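K.L.:
One structure, pasted below without further comment.
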Amino acid sequence: MSNYETVTIILSEPGTDYNPSSALIRLPALLAKLDEAKAIVAAVNEAQGVKTLRTDELQTAFEDFDAYIVDIKRTVAVELDDEALNHDLQSIVNRGRRPAPKAKPSADAGPPARTRSISRGTYDDRIAILADIHALLKARPEYRPTGADAEFSTEAIGDRVAFLTAALNAARAAEAALGNLQEARARTLYDEKTGLVKLVKLVKTHFSRRGGRQKDTYRRLVALEFRKFGA
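Sequence positions in the sequence shown follow my numbering and run 30 to 260.
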């Protein structure tokens, strides 16, 4: 934002004859627009930090998901020894698996990778799997693992579903908030009629038609570079 601020400094210098007919590019309006731009840029930067944090938290929350599912299956098999239940449990897990993208074989690639993996599913898919497992086991009140396996109990699985759902919702909310602020930043800076970039162009045009000392002001303004955010 420093070069935008430099524009207003140049226009404020003693000896600069600047009294345009358009209210949009008069100095008070430019200063107000600059303040608006600074505020929205700061808000975007803050929101980006929040999004990064929430995304990291989400990824951490799901880090042991596959291992947790495996441990649930193991615990159910030990606690209930019910082949039909084990089959239903595996069916739920299988529904969440998706084919892996096909890759060209390589002579140096070694053994082929597993072609299907639950880890390739979306976060929604994974939560749905765990929720279905929770519903399945909730119908079996005799399933009550204790001790070290208590974290795989029906109640613990329900708590895990709620925790993962909250983490996903928080990450999505942070992403949506950032997107809204980025759109607001784009309007403030790049709107075709009222964006700060457009206003600076109008200021340059104003001075391009002037002679004498004002021609020097024009050259100073033209020398300033304005890069688009994200470029």
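Glycine included, every Cβ here is placed at the ideal spot set by N, Cα and C. These figures come from a predicted structure and were not determined experimentally.
Could you tell me which of S120, S31, E108, R189 sits nearest to D178, measuring between CA atoms?
P.N.:
E108
K.L.:
Drop a sphere of 10 angstroms on the beta-carbon of K244, count the other beta-carbons inside from all chains shown, and report buried for 16 or more, exposed for fewer.
P.N.:
exposed
K.L.:
Is it true that the CB of V73 sits closer than 8 Å to the CB of M30?
P.N.:
No, they are not a contact pair.
K.L.:
In angstroms, rounded to a whole number, what distance separates the CA positions of V105 and D154?
P.N.:
22 Å
K.L.:
Count the other CB atoms within 10 Å of the CB of P134; is the residue buried (16 or more) or exposed (fewer)?
P.N.:
Interpretation of P134 is limited by its pLDDT of 48, a score under 50 that renders its predicted location unreliable; no figure is taken from the coordinates.
K.L.:
Apart from the five residues just before and just after F236, which ones in its own chain have a Cβ nearer than 7 Å to its Cβ?
P.N.:
Contacts found: Q243, T246, Y247, L250.
K.L.:
State the Cα-Cα distance for the pair L53 and E65, rounded to the nearest angstrom.
P.N.:
14 Å
K.L.:
In whole angstroms, what is the alpha-carbon distance linking F258 and A215?
P.N.:
9 Å
K.L.:
Say whether the region 193-210 touches the region 74-93, bearing in mind that this needs 3 or more beta-carbon pairs closer than 8 Å, one atom from each stretch.
P.N.:
Three or more Cβ pairs closer than 8 Å define a contact, and the region 193-210 meets that threshold against the region 74-93.
K.L.:
With a cut-off of 8 Å on the beta carbons, I'd call L165 and I101 a contact; round off their distance for me.
P.N.:
L165 to I101, Cβ: 10 Å. No contact.
K.L.:
I need the boundaries of the alpha helix (DSSP H) containing T84, first residue and last residue.
P.N.:
56-90
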